[in-house]
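See structure below.
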Amino acid sequence: MNAALDTLRQEVIVLTPGDDGYAQELSTFNLSVRHEPAVVIGATGPADVQAAVRFAAAHDLPVAVLGTGHGSTTPSAGSVLITTRRMTGLTVDETTRTARVEAGVRWAELIEQAAKAGLGALNGSSPTVSVIGYTLGGGLGPFGRKYGYAADHVRSMDVVTADGELRHVTAQSEPELFWALLGSKGNFGVVVAMEFALFPITIFYGGGLFLPGELAGEALHLFREWVRDVPDEMTASICLLNLPPVEFVPEPLRGRLVTHLRFAHLGPDGERLVQPFRDLGEPIIDAVTQLPYGAVAAVHNDPVDPMPIVERATMLRELPAEAVDTILRLAGPGSDSPLVMAEIRHLGGALGRPPQVPNAVGNRADAEFSVFVAAVGGGPQLEAYEQAVIDALRPWSTGRRYLNFMFAGDTDPETVALAYSDDAFRRLREIKRRHDPANTFRINHNIAPAHTD
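Here it is, written out as structure tokens:
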């Protein structure tokens with residue numbers, strides 16, 4: 001393989017263990033998973049990705065892809081790992097209300113360009129996540145109840161498949177592959193570019209309302225009642241934050257439990273809709289106001305610095321008082337919870353309806369809420385506590401999962417299958433058999449080809 005590597009170095013950026021820059025090239029946002037691939041390819045364009053995939057196939061090696069490294073997945077030992085951060089092409093077309101991004105573009109860059117054009121996108125909570133990786137996993141963001149998942153509005157993709165070919169894929173040209181790519185992340189190839197719709201979002205009423213932790217019970221119980229009547233234009237979540245006393249945390253929030261409400265409302269009457277939460281008591285911070293789309297990151301205020309994060313999640317069909325009390329018992333005041341956050345997101349609206357152009361993003365109709373818990377650090381005790389929270393919510397769970405909220409502990413085949421209906425998972429495996437029979441793209445939440453049973 002050494003001779004082949006020498007040849008490859010003449011075409012692309014190649015790093016192997018021991019090379020200067022190897023560790024830096026593998027830097028991730030989530031430090032809980034360490035990558036140690038056999039070969040790293042720093043891709044600058046589609047041709048580099050093709051060369052990497054063909055090299056991997058020739059040497060019977062799996063292919064992994066690293067964008068920003070927010071989602072912790074399977075360690076990449078022994079793989080050919082492609083980093084995409086150098087692929088930064090970005091175009092916003094005001095006339096057609098579309099954007100085209102390459103694989104290394106992050107949401108912060110697209111948000112800025114779209115805002116300049118008087119448009120908005122279906123970004124996620126964090127501006128540092130890669131646009132394409134987020135969208136391939138579904139894409140659940142602040143405007144989801146109004147417009148649905150980001151994947152629902154993709155027009156086309158340029159993807160390098162397991163045979164090393166670069167394909168331009170649309171719902172018309174290759175409907176099966178188009179359907180499978182959207183909702184399966186990197187299982188069917190390396191998407192090097194994507195075009196999708198933008199929306200006439202210039203301003204919205206939203207931001208974060210931080211209440212004292214002592215009001216967590218009142219706020220959570222109000223939230224579960226309040227969501228029953230809110231229009232699709234309102235996307236909201238509530239989060240119990242147990243914030244450390246560190247400099248990047250705003251001083252009033254440091255070292256205490258707080259109740260963080262997040263709102264993004266498209267349309268009139270936003271202030272009236274939010275008022276019941278203001279009436280609960282004096283907020284620590286009230287940053288809910290009319291905001292330009294370019295300030296959308298203020299809704300969630302996600303951290304931007306790398307850290308080791310351990311996460312778990314589930315989907316709920318309902319949020320009765322008993323479920324809220326369970327969350328309060330395990331993550332609320334007096335619980336001594338080690339969690340940094342325990343979040344409930346309201347789904348429904350367009351998130352619960354089929355998209356106009358079908359894709360593989362699953363589990364829409366039955367899930368009314370997503371619950372997400374996270375801790376900083378690692379170890380079996382933290383992981384066990386998180387799992388105990390998820391297990392305690394089982395009576396109200398759909399039993400299914402959302403792919404972008406699946407993590408390093410969720411890679412066994414039975415758990416991966418929970419991201420889809422049984423019929424959809426069988427269909428994905430058949431498509432995998434046709435497009436990647438050797439399962440080259442398996443360093444992920446893997447969908448194995450149908451013939452591997």
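With full-length UniProt numbering, letter number 338 in the sequence shown gets 338, and the count goes up by one each step, no holes.
We treat Cβ as the ideally placed atom computed from N, Cα and C, and that holds for glycine.
Between which two residues does the beta strand (DSSP E) containing I344 stretch?
M341 to H346
Please name the residue, chosen from Q387, P333, N242 and P231, that lies closest to K146 on a Cα-to-Cα basis.
P231
Quick test of your reading: F277 and A219, contact by CB under 8 Å. State the CB separation rounded to the nearest angstrom.
6 Å
Buried or exposed for H451, please, with buried defined as at least 16 other CB atoms from any protein chain shown within 10 angstroms of its CB.
exposed
Can you list, in chain order, the residues of its chain with a C-beta nearer than 6 Å to that of W396? Leave out the 5 residues immediately preceding and following it.
L316, E318 and A323
Whether F55 touches V33 by CB criterion (8 Å)
no
Whole angstroms is fine: what's the gap from I284's alpha carbon to L15's?
48 Å
Using only the alpha-carbon positions, how far apart do G362 and G186 sit?
16 Å
Among the candidates L240, E195 and A236, whose CA atom is the shortest distance from the CA of L215?
L240
Entirely within the stretch 206 to 280 and at least 4 residues each: give me those alpha helix (DSSP H) ranges in chain order.
216 to 226 and 270 to 278
How far does the alpha helix (DSSP H) with H435 in it reach, from first residue to last?
D422 to H435
Smallest Cα separation from A58: which of N2, G379, P306 and L273?
N2
Taking only beta-carbon atoms, is R433 less than 8 Å away from chain D?
Absent here is chain D; the protein component of the structure consists of one chain.
Helix, strand or coil for P292 per DSSP?
strand
Taking the straight line between their C-alpha atoms, what separation do you get for R272 and Y420?
37 Å
So, helix, strand or coil for A3, using DSSP?
helix
Run the CB neighbour count on D453, radius 10 Å, all protein chains shown included, and call it buried at 16 or more, exposed below.
Residue confidence is low: D453 scores 48 on pLDDT, short of 50, so the model does not pin down where it sits. No coordinate-derived value is stated.
Cα-Cα separation between P333 and L243, rounded to whole angstroms
13 Å
Counted within 10 angstroms of its Cβ, other Cβ atoms place P245 as buried (16 or more) or exposed
exposed
Answer with buried or exposed for R106, where buried requires no fewer than 16 other C-beta atoms within 10 angstroms of its C-beta.
buried
For V53, three-class secondary structure by DSSP:
helix
Measuring only the C-alpha atoms, how far is R100 from L90?
6 Å
V304 burial status per 10 Å Cβ neighbour count (16 or more: buried)
exposed
Tell me the DSSP secondary structure of E195 in three-state form.
strand
Along the chain, where does the alpha helix (DSSP H) that runs through residue 455 open and close?
It is not possible to answer for residue 455, since the shown part of the chain is limited to 1 through 453.
Tell whether a beta-carbon distance below 8 Å holds between residue 459 and T235.
Here the chain covers residues 1 to 453 and nothing more, so residue 459 does not appear.
Take I238 and list the residues in its own chain whose beta-carbon comes closer than 8 Å to its own, dropping the five residues that flank it on each side.
A219, L220, F223, T259, H260, L261, R262, E343 and I344
Am I right that G104 and T84 are in contact with their C-beta atoms under 8 Å? What's the rounded C-beta distance?
5 Å
Go ahead and pull the three-state DSSP assignment for D453.
In this prediction, D453 has a pLDDT of 48, which is less than 50 and means its spatial position is unreliable; what the coordinates show is noted afterwards. Correct three-state label for D453: coil.
Straight-line gap, R97 to E225 (C-alpha atoms, nearest Å):
37 Å
Please list, in chain order, all residues of the same chain as Q387 whose beta carbon is under 7 Å from its beta carbon, the five residues on each side excluded.
R312
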